[in-house]
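Peer 1: Numbering (my numbering), first residue to last: 97 to 376.
1) Could you check how far apart the C-beta atoms of residue 237 and residue 252 are, in whole angstroms? I think they sit under 8 Å.
2) Residue 341: which of 322, 356 and 332 sits nearest, CA to CA?
3) Would you list the one or two residues that DSSP bridges to residue 181?
4) Please classify residue 132: is it buried, with 16 or more other beta-carbons within 10 angstroms of its beta-carbon, or exposed?
5) Quick check on DSSP: helix, strand or coil for residue 370?
6) Determine the closest residue to residue 208 out of 220, 272, 184 and 233, with distance taken between C-alpha atoms.
7) Can you tell me whether residue 269 sits near the ligand NAD, meaning its C-beta is under 6 Å from at least one heavy atom of the ligand?
8) Using a Cβ-Cβ cutoff of less than 7 Å, which residues in the same chain neighbour residue 269 once the five nearest sequence positions on both sides are dropped?
9) Using only the alpha-carbon positions, how far apart do residue 384 and residue 101 sit?
10) Ordered along the chain, which non-local residues of its own chain (more than five positions away) have a Cβ less than 8 Å from that of residue 98?
11) What are the boundary residues of the alpha helix (DSSP H) that includes residue 228?
12) In the DSSP assignment, the alpha helix (DSSP H) including residue 293 goes from what residue to what residue?
13) Quick one, which of 235, 148 and 256 has its alpha-carbon nearest residue 247's?
14) Which stretch, first to last residue, makes up the beta strand (DSSP E) that contains residue 215?
15) Just to confirm the assignment, what range does the beta strand (DSSP E) spanning residue 308 have?
16) Report, in whole angstroms, the separation of the C-beta atoms of residue 286 and residue 187, which I expect to be a contact under 8 Å.
17) Please look up how many angstroms separate the CB atoms of residue 128 and residue 211, rounded, as I've assumed it's under 8 Å.
18) Quick check: residue 260 and residue 282, are their CB atoms within less than 7 Å of each other?
19) State buried or exposed for residue 276, treating a residue as buried only when at least 16 other CB atoms are found within 10 Å of its CB.
20) Grab me the residues of residue 145's own chain with a C-beta within less than 7 Å of its C-beta, minus the 5 sequence neighbours each way, in chain order.
21) In its own chain, which residues sit with a C-beta less than 6 Å from the C-beta of residue 111, not counting the 5 before and 5 after it?
22) Return helix, strand or coil for residue 108, following the three-state DSSP convention.
23) Mapping DSSP to helix, strand and coil, what is residue 175?
24) For residue 109, count the other beta carbons within 10 Å of its own beta carbon; 16 or more makes it buried, fewer makes it exposed. Which is it?
25) Tell me, to the nearest whole angstrom, how far the beta carbon of residue 304 is from that of residue 178; I am working on the premise that it is less than 8 Å.
26) Can you pull the DSSP bridge partners for residue 197?
27) Just curious, the beta strand (DSSP E) that residue 332 is in, first and last residue?
28) So what's residue 348 in DSSP terms, helix, strand or just coil?
29) Using DSSP with H/G/I as helix, E/B as strand and the rest coil, what is residue 167?
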């Protein structure tokens, strides 16, 4: 039985590679039963040859960004993929210093048909760290914070979340009495529990990566906006607007801004001022 916990990933906090990943933003994805070539092709990545270790991956990504027009910046990036043994066979590990964009959702759902995909990411300096678990084309569990889970089976991983160190009650709520844990280390431990792959600095640094330039994904059409905030006292603010409501409000604001300005004044006051100015 795999009993890995967050403690086994304490190395990340002294790792230059991990520091680069957190500063740049990264996505690490583990795909069961797919080859690196198959995964990169599904990502519509343009082949960029191979590279030895993360140094080559970072160099290739930096070279691409240097070529990009910063006045018209897009979100394309160079990803690296290699095969590694895990639970029930070989898996492909995909690493990208992509600002936490991650592999496009429809692509991951396709890749996970008949198998498992686990991914975690950070958006580079900002406090957004995401985890996703797909199984047979279905998003089972996703979260930013482990006590606020989503997906088709958001509570299925609660026992594992507790075992790797996340401070949760048996019901999956935040446990204030539990010890503080390194959340990113716990996510890496959770990913290992689900894949059987121990991610180490040497595993990432020494691999031969198949490289591919992942194109910018088209923006998804949006249908509404939701604000859902819970403060430190447990007070929740929830508000939802549809696209039509936002468009109508925007139209009213534009109409008000373009309306003619009407200035009114008090005629007697104006006359008094004129009399004062003429000395009458």
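Beta carbons: idealized from backbone N, C-alpha and C, even for Gly.
Peer 2: Taking the definition as stated:
1) Right, the Cβ-Cβ distance comes to about 6 Å (below 8 Å), so this counts as a contact.
2) 322
3) 186
4) buried
5) Note that residue 370 scores 49 on pLDDT, short of 50, meaning its location in the model is unreliable; the coordinates nonetheless yield the value given after this. Looking at residue 370 - three-state DSSP - the assignment turns out to be helix.
6) Nearest to residue 208 by C-alpha distance, out of 220, 272, 184 and 233, is 233.
7) Of the ligands one can find in the structure shown there are none, so the ligand NAD has no counterpart to examine.
8) 243
9) Residue coverage of the chain in this structure runs from 97 to 376, which leaves residue 384 outside it and unanswerable.
10) Exclusion of the five residues before and after residue 98 leaves 288, 289 and 292 as the residues of its chain whose Cβ lies within less than 8 Å of its Cβ.
11) Counting along the chain, residue 228 falls outside any alpha helix (DSSP H), though it belongs to the beta strand (DSSP E) covering 225-231.
12) Run containing residue 293: none; DSSP gives neither H nor E here.
13) Restricting attention to 235, 148 and 256, the CA atom closest to the CA of residue 247 is found in 235.
14) Start and end: 212-218.
15) 304-310
16) So it is not a contact: roughly 15 Å between Cβ atoms.
17) 4 Å
18) For residue 260 and residue 282, yes; Cβs fall inside 7 Å.
19) By the neighbour-count definition (other C-beta atoms within 10 Å, threshold 16), residue 276 is an exposed residue.
20) Closer than 7 Å at the Cβ level, and outside the excluded window around residue 145, lie 307.
21) 297
22) helix
23) strand
24) The residue in question, residue 109, is exposed, as its Cβ has fewer than 16 Cβ neighbours within 10 Å.
25) 6 Å
26) BP columns for residue 197 are empty, so no partner.
27) 332-338
28) helix
29) Per-residue confidence for residue 167 stands at a pLDDT of 48, beneath the threshold of 50, marking its modelled position as unreliable; the derived number appears in the next sentence. Three-state result, residue 167: helix.
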